[in-house]
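Colleague: My questions will all concern the structure given below.
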Amino acid sequence: MPASFYKEGVSTSEPFSDPSFPAAAGSDDSYLARLNPEQRAAIETTDGPLLVLAGAGTGKTRVLTTRFAHILLTGRARPWQILAVTFTNKAAREMRERIGTLLGSPAEGLWLGTFHALCARMLRRHAEVVGLTQSFTILDTDDQLRLLKQVMEPWRIDTKRWPAPGLLGAIQRWKDRGLTPARVTPAEDTDFANGHARAIYEAYQTRLRQLNACDFGDLMLHVTEILRSQPDILAQYHRLFRYILVDEYQDTNTIQYLWLRLLAKNSSGQSNICCVGDDDQSIYSWRGAEVENILRFEKDFPGAQIVRLERNYRSTRHILGAAAGLIAHNGERLGKTLRSGRDDAEGDKVSVTAVWDSDAEARAVCDTAERLRGQGHSLAEMAILVRAGFQTRAFEEQLIQSGLPYRIVGGTRFYERSEIRDAMAYLRVLAQPADDLAFERIVNVPKRGMGPAALQKLHAAARADGVSLAIVTPRLLDNGTLKGRSGEQVRALMNAYASTHDILAREGHVVAAEHLLEESGYLDMWRQDRSPEAPGRLENIKELIQALADFPTLEAFLEHVALVMEKDENAQDARLSIMTLHGAKGLEFDCVFLPGWEEGVFPSQRTLDEGGLKGLEEERRLAYVGITRARKLAMIFHAGSRRIYANWQPSMPSRFLEELPDEHVSRHTSGGRQQRGLQAAQSLFSDGPVVASRTRRPSNADTPAPFQPGDHVRHARFGVGIVLSADRHQVEIVFETAGTKRLLSSFIEKL
DNA sequence: CGCCGTCGCTTTTTT
DNA sequence: AGCGACGGCG
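All residue numbers in the first sequence are consecutive under our numbering, ending with 772.
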């Protein structure tokens, strides 16, 4: 993140030193060349509300960035008068870079960032309105939970029935909907902890304010409250932002929508807001996103124009055809048909491969990847996209065996590692002695004899004096309340802080951080640790200290970490990527492997149970996202049985497979030994709708069921058993050892 | 105060 | 099966 991110952007004294601006206006519009008419419309319709429905691979990012540049180059606004919002830091970074390229100079002083980063910036300016100071801290999930647990204590809630994470979730959902404690109606309060949820929420917010802290949801909530209640502040932003650009609008939740609408609807009635999104790629409803926001756009912003980007420049015709056929099964859509923007690309059909079990699936995927590499495809251009994290393990093991380099995208992130969180907590106390949560985290790491009981005493004393833990502790040491062995160790910690403050003033934050972690004994704790992970942890802490050097101050660094939570990855060497379908949104690859297309896995049973038809449609959109990641090859796999937790479970092909139009799909079986069963599995696709068997229709099809109740049968995995019931596709069998299972008849051998 | 055993859960995830 | 959280015991 460039240092410019921290610059204040509201004042009109914002430096802008690009000599080419605005001289370029009108004189050179070469940046508009080679755009198709819809893209040009999306860029040149600058005034009034505009919704750009941008299908996968239709040049969305290009449109967004070119539009931004266009507004600047035609002199419609200065760089800091455009508000540009994205969901991820990655998207913000990419946009910033591309705008810089278009303008020919690094884009500085922009209001371009994620919802949360922009809100953090606004909140720092107006913190006092909601009872915080400008230097408030942003809590991570760990801190939130610990704080909530503390707050919950007086209620004596049965945490078995009402676990704290559940309540935290409820609070987050309220915040996502723009509900402060005061706005939560009694009717909404009944579902948690016997109706105490709202009261606890209120106490939690009070405690946050005492700590001069806010959680992630608060960034949006507080700023929206400020804009709602302070007309003068709102007017200030109305004057400032002449244009608003929003990426991934289909993923906005209610509070983000409210925030945007407040900023967009100024008194003059003119809203130059441009939202870009794709209702077919809305896959985050489970965390509060409201597709309705995009479906409702025309009503929210009267006179809105709509531009559809439907020409896809990414994928082959077969990939587009398969994806279009699939998504056509969804109900509520704004209606958009991807068509190929290229004349060349017929390409290969999307392949659907039936395999015996999840092991065979991993083998098939690895073998194919190896073969494709042999044909000249780089591993960097291949990805395995899974529905859920547990699926990655099988592929990892197989890839290791095959010696193919891979990377798991989206595992535990750097700033979530416990040693990094510890080190961060040390730094937070340094920057912000009022940060009790950070203090609590580190006061007994390494062990200093400060258990819960001792902490209680600290808390009591701090509350009595009305100061924070880090402030009250030296007093307790001086007046002898804290003494003995643990007292000495805590004294050493406080001395470490004292000397670090001196060093911070004299030598800067990098040296100070190193000094603090050294003097406090934290680094020694890991040096003395004999566990195999310890050296890696020390290495991570070293990296953390190095990362500090990229920031002007300790505070800037802490803010960055709180908002970004990611570290720049190393160079992209040629590795195959494994990631979830959610993680793959916005990315593209030549060759995409889509394993696990089985009922229960994908669509996920849980989503179906909880979300019903809406859930199913979201899963289908996820499938659509998966297929459209592929430029050249999309390869789907499904297995006949899969290991889930401890035991093997039979599995049915995903209903999505039948929804793929035959003319764009080629269906195969794969794998060695169980050839007969696999051929039978393939026949599933040729002799009738699989859906019939799934809905457990009795055997009324024209062909008789292949098995009768009482038949003795064998299954390669589960052994010998007796048929209980059977229809044309499915057989229910009691096995001697494996219990009762429903299986595809094609995998069963008659004895 | 800290360790060990048992219980329960187990999708997706950004910020 | 495997991990994390809590509770009881030493």
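Each residue gets a CB set at the ideal place from its N, CA and C atoms; glycine is no exception.
Note that the structure is predicted; figures quoted are calculated from it, not measured.
Could you name the residues of the same chain whose beta carbon sits closer than 6 Å to that of Lys478, not counting the 5 residues immediately before and after it, in chain order?
Modeller: Indexing the first sequence from 1 puts residue 478 at position 457. If we look at Lys478 and ignore the five residues flanking it on each side, it has no Cβ neighbours.
Colleague: Note the first and the last residue of the continuous beta strand (DSSP E) segment covering Ala63.
Modeller: As a first step, residue 63 must be located in the first sequence, where it is residue number 42. From DSSP, Ala63 is part of no beta strand (DSSP E) but of the alpha helix (DSSP H) over 58-65.
Colleague: Exposed or buried, which one is Thr33 when buried takes at least 16 other CB atoms within 10 Å?
Modeller: Numbered from its first residue, the first sequence carries residue 33 at position 12. For Thr33, the predicted model reports a pLDDT of 33, less than 50, meaning its position is unreliable; a value from the coordinates is still stated below. It is exposed - the Cβ of Thr33 has fewer than 16 other Cβ atoms within 10 Å.
Colleague: Does the stretch 387-398 come within contact of the stretch 415-425, defined as at least 3 CB pairs closer than 8 Å?
Modeller: Yes: the two stretches touch, three or more of their Cβ pairs being nearer than 8 Å.
Colleague: Nearest by alpha-carbon distance to Gly529: which of Arg558, Leu451, Gly542, Asp486 is it?
Modeller: As a first step, residue 529 must be located in the first sequence, where it is residue number 508. For Gly529, the nearest C-alpha among the options comes from Leu451.
Colleague: Quick check: Tyr52 and Thr87, are their CB atoms within less than 9 Å of each other?
Modeller: Taking the first residue of the first sequence as 1, we reach residue 52 at position 31. Taking the first residue of the first sequence as 1, we reach residue 87 at position 66. Closer than 9 Å, so yes.
Colleague: How many Å lie between Pro454 and Glu391 at the Cα?
Modeller: For the purposes of this step, residue 454 is taken as the residue at position 433 of the first sequence. For the purposes of this step, residue 391 is taken as the residue at position 370 of the first sequence. Rounded to whole angstroms, Pro454 to Glu391 spans 55 Å at the Cα level.
Colleague: Below 8 Å CB to CB, which residues in the same chain sit around Gly346 once its five sequence neighbours on both sides are set aside?
Modeller: Taking the first sequence and counting its residues from 1, the one referred to as residue 346 is at position 325. Hits under 8 Å: Glu680, Leu681, Pro682, His685.
Colleague: If I measure Cβ to Cβ from Cys140 and keep anything under 7 Å in the same chain, skipping five residues before and after, which residues do I get?
Modeller: To locate residue 140, count along the first sequence from 1; it is residue 119. Closer than 7 Å at Cβ, skipping near neighbours: Leu240, Met241, Val244.
Colleague: Could you spell out the range, first to last residue, of the beta strand (DSSP E) harbouring Asp378?
Modeller: The residue you call residue 378 lines up with position 357 of the first sequence. Start and end: 371-378.
Colleague: With a Cβ-Cβ cutoff of 9 Å, do Ile103 and Phe262 count as a contact?
Modeller: Looking up residue 103 in the first sequence gives position 82. Looking up residue 262 in the first sequence gives position 241. Contact flag set, yes.
Colleague: Would Ala191 pass as a contact of Ala218 if the rule is Cβ separation under 9 Å?
Modeller: What you label residue 191 is simply residue 170 of the first sequence in a count that begins at 1. What you label residue 218 is simply residue 197 of the first sequence in a count that begins at 1. Yes, these two residues count as a Cβ contact at 9 Å.
Colleague: According to DSSP, is Trp132 part of a helix, a strand, or is it coil?
Modeller: Translated into the one-based positions of the first sequence, residue 132 becomes position 111. The answer is strand: DSSP assigns Trp132 an E or B state.
Colleague: Asn516: which of Arg627, Thr154, Leu266, Thr494 sits nearest, CA to CA?
Modeller: Taking the first residue of the first sequence as 1, we reach residue 516 at position 495. Taking only the C-alpha atoms, the option nearest Asn516 is Thr494.
Colleague: Quick check: what's the CA-CA separation for Asn561 versus Gly431?
Modeller: Within the first sequence, residue 561 is the residue found at index 540, counting from 1. Within the first sequence, residue 431 is the residue found at index 410, counting from 1. C-alpha separation (whole angstroms): 17 Å.
Colleague: Look up Leu330 in the DSSP assignment and give the residues it is bridged to.
Modeller: By one-based count along the first sequence, residue 330 stands at place 309. DSSP, once it has assigned bridges, lists Ala75 as partnering Leu330.
Colleague: Determine the direct distance from the alpha carbon of Gly395 to that of Gln695, and round the result to whole angstroms.
Modeller: If you number the first sequence from 1, residue 695 lands on position 674. If you number the first sequence from 1, residue 395 lands on position 374. Only weak support is given to the placement of Gln695: the predicted model assigns it a pLDDT of 47, under 50, and the value that follows is read from those uncertain coordinates. Near 27 Å, if we compare the C-alpha coordinates of Gly395 and Gln695.
Colleague: Buried or exposed: Ala667, going by 16 or more other Cβ atoms within 10 Å of its Cβ?
Modeller: Residue numbering aside, residue 667 sits at position 646 when the first sequence is read from its first letter. When all chains shown are included, Ala667 counts as exposed.
Colleague: Label Glu311 either buried or exposed according to how many other C-beta atoms from any shown protein chain fall within 10 Å of its C-beta, with 16 as the threshold for buried.
Modeller: Here residue 311 is taken as the residue at index 290 of the first sequence, counted from 1. Buried: at least 16 other Cβ atoms inside 10 Å.
Colleague: On the premise that Ala105 lies in contact with Met116, defined as a C-beta separation below 8 Å, what is that separation, rounded to the nearest angstrom?
Modeller: Against the first sequence, residue 116 aligns to sequence position 95. Against the first sequence, residue 105 aligns to sequence position 84. Their Cβ separation, rounded to whole angstroms, is 7 Å, which keeps Met116 and Ala105 in contact under 8 Å.
Colleague: Considering only the beta carbon of each residue, do Ala401 and Ala595 sit closer than 9 Å?
Modeller: Along the first sequence, one-based indexing puts residue 401 at 380. Along the first sequence, one-based indexing puts residue 595 at 574. The answer is yes: Cβ separation under 9 Å.
Colleague: Using three-state DSSP, classify Glu418 as helix, strand or coil.
Modeller: As a position in the first sequence, residue 418 is number 397, starting the count at 1. In the structure shown, Glu418 sits in a helix (DSSP, three-state: H, G or I).
Colleague: Compute the beta-carbon to beta-carbon distance between Asn110 and Thr135, rounded to the nearest angstrom, for a pair I have assumed lies under 8 Å.
Modeller: Here residue 110 refers to the residue found at position 89 when the first sequence is read from its first residue. Here residue 135 refers to the residue found at position 114 when the first sequence is read from its first residue. Contact holds; Cβ gap of about 6 Å.
Colleague: Check whether the stretch 294-304 touches the stretch 636-643, counting contact only when three or more Cβ pairs, one atom from each stretch, lie closer than 8 Å.
Modeller: With the cut-off at 8 Å, the stretch 294-304 and the stretch 636-643 touch.
Colleague: Among the residues of its own chain, which have a CB less than 7 Å from the CB of Leu144, if the five just before and after it don't count?
Modeller: As a working note, residue 144 is residue 123 in the first sequence. Leu240, His243, Val244.
Colleague: With a cut-off of 8 Å on the beta carbons, I'd call Ser625 and Arg408 a contact; round off their distance for me.
Modeller: Mapped onto the first sequence, residue 625 falls at position 604. Mapped onto the first sequence, residue 408 falls at position 387. Indeed, because the Cβ distance is near 6 Å, the residues count as touching under 8 Å.
Colleague: Mind checking which residues open and close the alpha helix (DSSP H) that includes Gln670?
Modeller: As a first step, residue 670 must be located in the first sequence, where it is residue number 649. Per DSSP, Gln670 belongs to no alpha helix (DSSP H); it is in the beta strand (DSSP E), 668-671.
Colleague: May I ask you to verify whether the stretch 225-234 touches the stretch 160-171, counting CB pairs closer than 8 Å and requiring at least 3?
Modeller: Short answer: they touch.
Colleague: Considering just the uninterrupted stretch of the beta strand (DSSP E) at Ile769, what are its terminal residues?
Modeller: Within the first sequence, numbered from 1, the residue matching residue 769 stands at position 748. Run containing Ile769: 769-771, per the beta strand (DSSP E) assignment.
Colleague: In three-state DSSP terms, what is Arg434?
Modeller: Indexing the first sequence from 1 puts residue 434 at position 413. Here Arg434 sits in coil by DSSP.
Colleague: Rounding to the nearest angstrom, what Cα-Cα distance links Leu268 and Thr107 in this structure?
Modeller: Working through the first sequence from its first residue, we reach residue 268 at position 247. Working through the first sequence from its first residue, we reach residue 107 at position 86. Rather than Leu, the amino acid found at residue 268 in this sequence is Asp. Approximately 5 Å between the Cα atoms of the pair.
Colleague: When you compare only the Cα positions, how much space is there between Gly121 and Glu129?
Modeller: Locating residue 121 in the first sequence gives position 100, where the first residue counts as 1. Locating residue 129 in the first sequence gives position 108, where the first residue counts as 1. So the alpha carbons of these two residues sit roughly 9 Å apart.
Colleague: Take Leu608 and list the residues in its own chain whose beta-carbon comes closer than 7 Å to its own, dropping the five residues that flank it on each side.
Modeller: Translated into positions along the first sequence, residue 608 becomes position 587. For Leu608, where only same-chain residues beyond five positions count, the Cβ hits under 7 Å are Arg650.
Colleague: Note the first and the last residue of the continuous alpha helix (DSSP H) segment covering Tyr447.
Modeller: Your numbering for residue 447 matches position 426 in the first sequence. From DSSP, the alpha helix (DSSP H) with Tyr447 extends over 439-452.
Colleague: Is it true that the CB of Gly740 sits closer than 9 Å to the CB of His733?
Modeller: One-based indexing of the first sequence puts residue 733 at position 712. One-based indexing of the first sequence puts residue 740 at position 719. Taking 9 Å as the Cβ cut-off, His733 and Gly740 do not qualify as a contacting pair.
Colleague: Asn500: buried (16+ other C-beta within 10 angstroms of its C-beta) or exposed?
Modeller: Sequence index remark: in the first sequence, residue 500 carries index 479 (1-based). Exposed, since its Cβ has fewer than 16 Cβ neighbours within 10 Å.
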